[in-house]
Each structure stands twice: as C-alpha cells, then as structure tokens.
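These notes are about the structure you will find just below.
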Amino acid sequence: MMKITKIEPQKRRKNRWSIFINGEFSFGISADDLYHLGLKEGQIIEKKELKYIEDTILYTKGKDKALHLLSYRSRTEKEIRQRLYQESYPKRVIDRIVDFLYKYSFLDDKVFAEQFVKSKMQGKPMGKKMLVYQLEQKGVSKDIAEIVIAKQDINEVEAAYQLIKKRVNIMNITEFTLKEKQRVYNYLQRRGFSYDSIYQVLDKLEKNIQENSN
1 MMKITKIEPQ
11 KRRKNRWSIF
21 INGEFSFGIS
31 ADDLYHLGLK
41 EGQIIEKKEL
51 KYIEDTILYT
61 KGKDKALHLL
71 SYRSRTEKEI
81 RQRLYQESYP
91 KRVIDRIVDF
101 LYKYSFLDDK
111 VFAEQFVKSK
121 MQGKPMGKKM
131 LVYQLEQKGV
141 SKDIAEIVIA
151 KQDINEVEAA
161 YQLIKKRVNI
171 MNITEFTLKE
181 KQRVYNYLQR
191 RGFSYDSIYQ
201 VLDKLEKNIQ
211 ENSN
C-alpha cells in the first residue's frame with residue numbers, strides 16, 4: 001500500500017512541492033500539477049496511479065522545455081523529439097508533448113522551412129540541392145522542402161556568383177587558370193549548387209576577369 005503522508009512546499013524552488021509516500025520523499029511536483037491531480041495527504045494511491053502522476057509531471061516539464069526551445073527559433077518535430085529523447089523522456093511522454101505542440105500550432109515544418117531558407121540565403125548562400133538535403137536532415141519532408149524553395153524564387157546563378165566573389169579577388173586576377181576554375185567549381189559543388197549554375201558562374205567570372213585585365 002502506498003500512502004501520501006506529507007505534502008510540503010520546497011524551500012528553494014518557488015511553486016514546487018515535495019510529495020512524501022509512506023514517510024519518505026517520493027517526488028517533486030509543480031503547484032499546477034498538484035492542483036490538477038488533486039493530491040492530498042492521507043490519499044492512498046495504486047501503482048498505476050503513481051505511474052500516471054509521474055508521466056504527468058514529466059509531460060509538464062517536457063512541454064515547458066519544448067516551448068522554451070521554440071521561443072528561440074522554429075524547430076521541426078524531429079528536432080524536438082531528439083532533444084527530449086537526449087534528456088531521457090520516454091516516448092509515450094514525447095508523443096503527448098508533440099501532439100500538444102501540433103494542436104496549438106507551435107510546430108509547423110512549412111514555417112520552419114521558410115525561415116530556414118531565408119536565413120541561409122541571407123547569410124552564406126547555398127544551392128537548392130543543399131537546402132533540400134539540410135531540411136531533410138532536420139526532419140522536413142522532401143516535398144515540403146522543394147515547395148518552399150520553389151516559392152522563394154532563388155536565383156542560383158546570382159547567389160553563387162555573389163558568394164564566390166567574396167572568395168575570389170577578381171580585380172587582382174589576370175588569368176582564370178584551370179586550377180582556379182577547379183577550386184571555384186569544387187567549392188560551389190560542396191555548397192549544393194547545380195552543375196548548370198556553376199558553369200554559368202565560371203563563364204561570368206572569366207568574362208569579368210578578362211575585362212579587368214584589358
């Protein structure tokens with residue numbers, strides 16, 4: 001038999017209470033959860049009830065953690081699940097938290113993808129292929145990633161050209177050697193730009209270098 005023998009406020013943590021079962025400390029609980037669960041001194045609880053109480057406490061704590069993470073930036077379901085899993089939350093509790101986040105629109109992979117693409121293209125641009133790959137790695141479906149990227153109307157050639165201009169000092173180059181072209185090609189390829197875009201950038205660079213050297 002398990003009996004709640006004492007419920008007392010915690011001295012160092014505001015709005016937290018300590019629950020004692022059979023004379024020994026069992027767990028801490030928030031004031032809100034204590035009220036909603038209706039726990040009282042002298043109450044007899046079964047093992048199933050204790051499990052439900054523990055899950056409720058974890059759910060509240062995990063939900064607050066997820067909302068805290070989302071307050072910094074948008075995140076995908078995969079990111080939230082991974083973070084909670086790393087902190088040892090059980091899957092059944094994580095599922096409840098994710099359901100809550102979707103229900104109240106805290107999770108939206110489309111919105112996340114839009115913000116992610118804008119951020120990347122404003123900073124250090126990358127090609128569409130790399131954008132799709134990175135979004136998939138974060139848990140966004142390929143279909144959503146491609147739709148969002150298509151709506152952004154990204155000019156790959158211009159983005160790649162502006163990016164490479166920061167690495168290649170066109171004004172100080174008199175000849176666009178094969179070695180230099182290969183370096184540019186490899187760099188843009190690693191950034192996920194298409195072959196067609198890369199060749200257009202190489203052609204544009206070569207023309208500009210020739211003009212500057214004349």
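All residue numbers for the sequence shown refer to the numbering used here, where the first residue is 1 and numbers rise by one.
The beta-carbon is built from N, C-alpha and C at its ideal position, and this holds for glycine as well.
Keep in mind the model is a prediction, meaning the values are calculated, not measured.
Counted within 10 angstroms of its Cβ, other Cβ atoms place residue i as buried (16 or more) or exposed
| i | result |
| --- | --- |
| Arg190 | exposed |
| Tyr89 | buried |
| Thr177 | exposed |
| Gly123 | exposed |
| Phe216 | Because the chain here runs from 1 to 214, residue 216 falls outside it and cannot be looked at. |
| Glu156 | buried |
| Gly127 | buried |
| Gly42 | exposed |
| Lys207 | exposed |
| Ile149 | buried |
| Ile80 | buried |
| Ile19 | buried |
| Ile147 | exposed |
Sequence-distant residues of its chain with Cβ nearer than 8 Å to residue i (five each side left out)
| i | result |
| --- | --- |
| Arg145 | According to the sequence provided, residue 145 is Ala. The question's Arg does not apply to it. Closer than 8 Å at the Cβ level, and outside the excluded window around Ala145, lie Ala113, Leu131, Val132, Leu135 and Glu136. |
| Glu46 | Met2 |
Test item: CB-CB of residue i and residue j under 7 Å
| i | j | result |
| --- | --- | --- |
| Val111 | Gly62 | no |
| Thr76 | Lys138 | yes |
| Val201 | Ala160 | yes |
| Ile198 | Leu188 | yes |
| Arg16 | Gly28 | yes |
| Asp33 | Ile57 | yes |
| Ser74 | Gln10 | no |
| Pro268 | Leu67 | Residue 268 lies beyond the stretch modelled for the chain, which goes from 1 to 214, so this question has no answer here. |
| Asp108 | Val140 | no |
7 Å CB neighbourhood of residue i in its chain, flanking five on each side removed
| i | result |
| --- | --- |
| Asn22 | Met2, Lys3 and Thr5 |
| Lys181 | Leu202 |
| Lys120 | Met126 and Leu131 |
Short CB-CB distance (under 7 Å) between residue i and chain D
| i | result |
| --- | --- |
| Glu49 | Reference to chain D is not applicable here, since this structure consists of a single protein chain. |
Residue of the options minimising C-alpha distance to residue i
| i | options | result |
| --- | --- | --- |
| Lys129 | Arg13, Gly139, Leu34 and Ser194 | Ser194 |
| Glu64 | Asn186, Tyr104 and Ile97 | This sequence places Asp at residue 64; Glu is not what is there. The option with the nearest alpha carbon to Asp64 is Ile97. |
| Phe100 | Tyr59, Gln43, Phe25 and Leu163 | Tyr59 |
| Lys118 | Lys142, Ile80, Lys151 and Lys91 | Lys151 |
| Tyr35 | Lys91, Ile53, Asp143 and Glu46 | Ile53 |
| Leu50 | Arg183, Ser26 and Tyr72 | Ser26 |
Residue i, enclosing beta strand (DSSP E) - first and last residue
| i | result |
| --- | --- |
| Phe27 | Glu24 to Ser30 |
| Ile4 | Met2 to Pro9 |
| Ile21 | Arg16 to Ile21 |
Residue i - containing alpha helix (DSSP H), residue span
| i | result |
| --- | --- |
| Arg81 | Glu77 to Gln86 |
| Lys65 | Lys47 to Leu70 |
| Glu158 | Glu156 to Lys165 |
| Lys179 | Leu178 to Arg190 |
| Phe112 | Asp109 to Gln122 |
| Met130 | Lys128 to Gln137 |
Beta-carbon contacts of residue i that lie in its chain and below 6 Å, excluding the five residues immediately before and after
| i | result |
| --- | --- |
| Leu84 | Gly62 and Ile94 |
| Gly192 | Met126, Gly127, Lys129 and Met130 |
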